[in-house]
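Novice: Everything in the sequence shown is counted per numbering that gives the first Met the number 0, starting at 0 for the first residue and increasing by one.
Beta carbons: idealized from backbone N, C-alpha and C, even for Gly.
A quick note: this is a predicted structure, and the numbers were derived from the prediction, not measured.
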Amino acid sequence: MKNTEKEEKMNAKSAVTNDEVVFHAARRINQSLTASMEKRALQWMAERAPKWLTSDQLTLLGLGAQVGAGFCYALSRYDRRALLLAILCLALNWFGDSMDGTLARVRRQQRPRYGFYVDHMVDIFGSVALMCGLGCSRFLHWQTAIAMLVAFLMLSSESYLATYTLSCFQLSQGIFGPTEIRILLIAGNLALLRSPYSTLFGQRMLLFDLGGTIAAAGMFAMAILITVRHTAQLYRQEPLP
0 MKNTEKEEKM
10 NAKSAVTNDE
20 VVFHAARRIN
30 QSLTASMEKR
40 ALQWMAERAP
50 KWLTSDQLTL
60 LGLGAQVGAG
70 FCYALSRYDR
80 RALLLAILCL
90 ALNWFGDSMD
100 GTLARVRRQQ
110 RPRYGFYVDH
120 MVDIFGSVAL
130 MCGLGCSRFL
140 HWQTAIAMLV
150 AFLMLSSESY
160 LATYTLSCFQ
170 LSQGIFGPTE
180 IRILLIAGNL
190 ALLRSPYSTL
200 FGQRMLLFDL
210 GGTIAAAGMF
220 AMAILITVRH
230 TAQLYRQEPL
240 P
């Protein structure tokens, strides 16, 4: 009995060691509109960042800012000026979310598994907070907010599965990435300060309902198309005997 327990412990330790040996960070692909300019800017800032600033602090800043943006959207139901605070939070979210990995790479302090796991769980929690805040505002119906959140989670899940199975992490889908989405949100906030409504084919509707419906439909379509493409790719790589 004791020998069996010892063997199990040895196997567990061996499994951990083997995982650490065979783990390889996936190839990162970013083809978004702002990718090259953003990469240069982040590299420049990371090389000049103060010594006391750490990647974990930046990750927490990104999460706190995204939760703060959701809170500001909820407040905008009562005072539209809260949208300006939401813009500030989105900018801070970009800084924290984009800089944490760059800082780790510049300082050669990469923790591939830890960084990948924590960064993307933070993205999920932050996105839930953001969509809840939008749903609480008077600028977007709950149905649209939920549709966007579900579509985002589907697309994210596909990306994480593809990272594991294809060793390729797609940071953007086409020309759109997280930075482009933040830019669109900021532009939408500025438009909301003028009027929360838009007119399409003679029908008056909420501006964010229109944009959110287009965004959700686009993400659903991308999730389906990418799933089909990656399924075909994996089928070719692993044909039946």
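Rounded to whole angstroms, what's the CA-CA distance from C167 to M153? Just pull it up for me.
Specialist: Roughly 17 Å between the two C-alpha positions.
Novice: Within a Cβ cutoff of 6 Å, which residues of the same chain sit near L62, ignoring the five residues on either side of it in sequence?
Specialist: Within the same chain, L62 has close Cβ partners V121 and G125.
Novice: According to DSSP, what are the bridge partners of C131?
Specialist: Bridge partners of C131: none, in fact.
Novice: Give the secondary structure of T226 by DSSP, where H, G and I count as helix, E and B as strand, and everything else as coil.
Specialist: T226: helix per DSSP, three-state reduction.
Novice: Please classify T178: is it buried, with 16 or more other beta-carbons within 10 angstroms of its beta-carbon, or exposed?
Specialist: Buried, since its Cβ has 16 or more Cβ neighbours within 10 Å.
Novice: Which of helix, strand or coil does DSSP assign to L52?
Specialist: DSSP places L52 in coil when its eight states are reduced to three.
Novice: Is it the case that the stretch 178-189 contacts the stretch 202-218, given that we only count it when at least three CB pairs across the two stretches are under 8 Å?
Specialist: Judged by Cβ distances under 8 Å, the stretch 202-218 makes contact with the stretch 178-189, as three or more pairs qualify.
Novice: List the endpoints of the continuous beta strand (DSSP E) containing F168.
Specialist: Note, F168: beta strand (DSSP E), C167 to Q169.
Novice: Would you check if the stretch 74-85 and the stretch 23-35 touch, i.e. whether three or more CB-CB distances between them fall below 8 Å?
Specialist: Judged by Cβ distances under 8 Å, the stretch 23-35 makes no contact with the stretch 74-85, as fewer than three pairs qualify.
Novice: Can you find at least 3 beta carbon pairs, one from the stretch 89-101 and one from the stretch 63-73, that sit closer than 8 Å?
Specialist: Judged by Cβ distances under 8 Å, the stretch 89-101 makes contact with the stretch 63-73, as three or more pairs qualify.
Novice: Quick check: I174 and S31, are their CB atoms within less than 7 Å of each other?
Specialist: Closer than 7 Å, so yes.
Novice: Should R181 go down as buried or exposed, given a rule of 16 or more other Cβ atoms within 10 Å for buried?
Specialist: R181 should be labelled buried.
Novice: List the DSSP bridge partners of L205.
Specialist: For L205, which the question treats as bridged, DSSP gives the partners Y196.
Novice: Could you have a look at L74 and say whether DSSP puts it in helix, strand or coil?
Specialist: L74: helix per DSSP, three-state reduction.
Novice: Could you tell me the alpha carbon to alpha carbon distance between E46 and Q56, rounded to whole angstroms?
Specialist: Using only the alpha carbons, I get a separation of about 16 Å.
Novice: Take the Cβ of M147 as the centre, count every other Cβ of all protein chains shown within 10 Å, and call the residue buried at 16 or more, exposed below.
Specialist: Buried, because 16 or more other Cβ atoms sit within 10 Å of the Cβ of M147.
Novice: Does Q109 come out as helix, strand or coil in the three-state DSSP assignment?
Specialist: Q109 falls in the coil class under three-state DSSP.
Novice: Anyone know if the C-beta pair for T164 and G211 falls short of 7 Å?
Specialist: Not a contact, by the Cβ cut-off of 7 Å.
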